[in-house]
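Enquirer:
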Amino acid sequence: MGYSLESAHQTAVAQKAVEETDAIFIGGGNTFRLLKALQDLDLVEVIRRKVSSGAPYIGSSAGSNVAGPTIKTTKDMPIVQPRSFDSLGLVPFQISPHYLDPDPNSTQMGETQEERILQFLEENDTPVVGIREGAWLLCNDGTVTLKGQTGARIFHRGHAPVEVTAGTEISKLIEVHNAN
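The sequence shown runs 4 to 183 under this note's numbering.
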């Protein structure tokens with residue numbers, strides 16, 4: 004296919020590897036550990052610059068968590084302490100992958116993902132996109148479109164969650180709610 008892959012965290016000079024790449028893929032794992040590694044390798048600003056100059060960014064699971072302004076909506080356990088919760092800020096909203104709808108028949112007594120997102124919004128104005136399995140976001144030329152086989156929910160402080168289906172351009176929904 005003509006592609007080669009190099010793991011920046013396994014190179015002698017991770018920053019140079021990112022600066023010289025054509026695209027960036029960050030996969031899953033523990034979001035706290037991932038952000039700490041990006042911070043320890045001084046890659047946060049390097050990745051921001053590379054993506055803002057046009058390099059494609061693909062984030063999967065924890066890699067999508069760190070694409071937002073912070074990691075404050077991750078479901079992962081804080082097994083390590085990053086310097087801060089501020090992450091790449093490639094999009095102006097929080098991304099909550101693996102979103103699960105509340106199950107009214109569940110006997111689980113813990114908080115649902117929706118309840119945790121609503122708690123986040125009690126303290127923060129940043130919108131949250133809860134992406135279900137099988138869905139993904141395409142960010143291109145200032146627009147964000149939900150793609151894939153399943154939907155997502157968009158959460159805003161002071162508003163009921165908005166259900167969106169694949170093919171929906173969500174950047175407009177975020178702009179409308181931010182204006183209120």
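Glycine included, each C-beta is placed from N, C-alpha and C at the ideal position.
State the DSSP-derived secondary structure class of Phe-158, mapped to helix, strand or coil.
Expert: Note: Phe-158 maps to strand in three-state DSSP.
Enquirer: Going by C-alpha to C-alpha distance, which of Lys-39, Val-132, Glu-22 sits closest to Asp-104?
Expert: Of Lys-39, Val-132, Glu-22, the residue nearest in Cα terms is Val-132.
Enquirer: Have a look at Ser-174, Gly-32, Tyr-6, Glu-23 and flag the residue whose alpha-carbon is nearest the alpha-carbon of Thr-1.
Expert: The question about residue 1 has no answer here: the residues shown for the chain are numbered 4 through 183.
Enquirer: Suppose the cutoff is 7 angstroms on Cβ atoms and the five residues either side in sequence are ignored; what does the same chain contact list for Asn-183 look like?
Expert: Confidence at Asn-183 is low in this model, with a pLDDT of 47, below 50, so the placement of that residue should be treated as unreliable; the coordinate-derived value is given next. Excluding positions up to five away in sequence, the list is empty.
Enquirer: Is it buried or exposed for Ile-74, if we count other Cβ within 10 angstroms and need 16 for buried?
Expert: Buried, by the Cβ-count rule.
Enquirer: Do the CB positions of Thr-34 and Val-69 come within less than 8 angstroms of each other?
Expert: Yes, Cβ-Cβ distance for Thr-34 and Val-69 is below 8 angstroms.
Enquirer: Quick check on DSSP: helix, strand or coil for Val-179?
Expert: Any answer about Val-179 is weak, because its pLDDT of 46 lies below 50 and its placement is not dependable; what the coordinates show is given next. Helix at Val-179.
Enquirer: Decide yes or no for the touch test of the segment 85-104 against the segment 134-152: beta carbon pairs closer than 8 angstroms, at least 3 of them.
Expert: Segments in contact, yes.
Enquirer: Have a look at Thr-171, Arg-156, Ser-64 and flag the residue whose alpha-carbon is nearest the alpha-carbon of Pro-164.
Expert: Ranking the options by Cα distance to Pro-164, first place goes to Arg-156.
Enquirer: Only counting the same chain, and skipping five residues up and downstream in sequence, which positions put a Cβ closer than 7 angstroms to that of Val-179?
Expert: Since pLDDT at Val-179 reaches only 46, below the 50 mark, its modelled position is unreliable, and the value read off the structure follows with that caveat. Answer for Val-179: no residue qualifies.
Enquirer: If I follow the unbroken beta strand (DSSP E) through Lys-53, where does it start and stop?
Expert: Taken as a continuous stretch (DSSP letters only), Lys-53 belongs to no beta strand (DSSP E), being part of the alpha helix (DSSP H) at 47-55.
Enquirer: Can you tell which of Thr-148, Ser-10, Phe-28, Pro-72 has the C-alpha that lies nearest to the C-alpha of Asn-127?
Expert: For Asn-127, the nearest C-alpha among the options comes from Pro-72.
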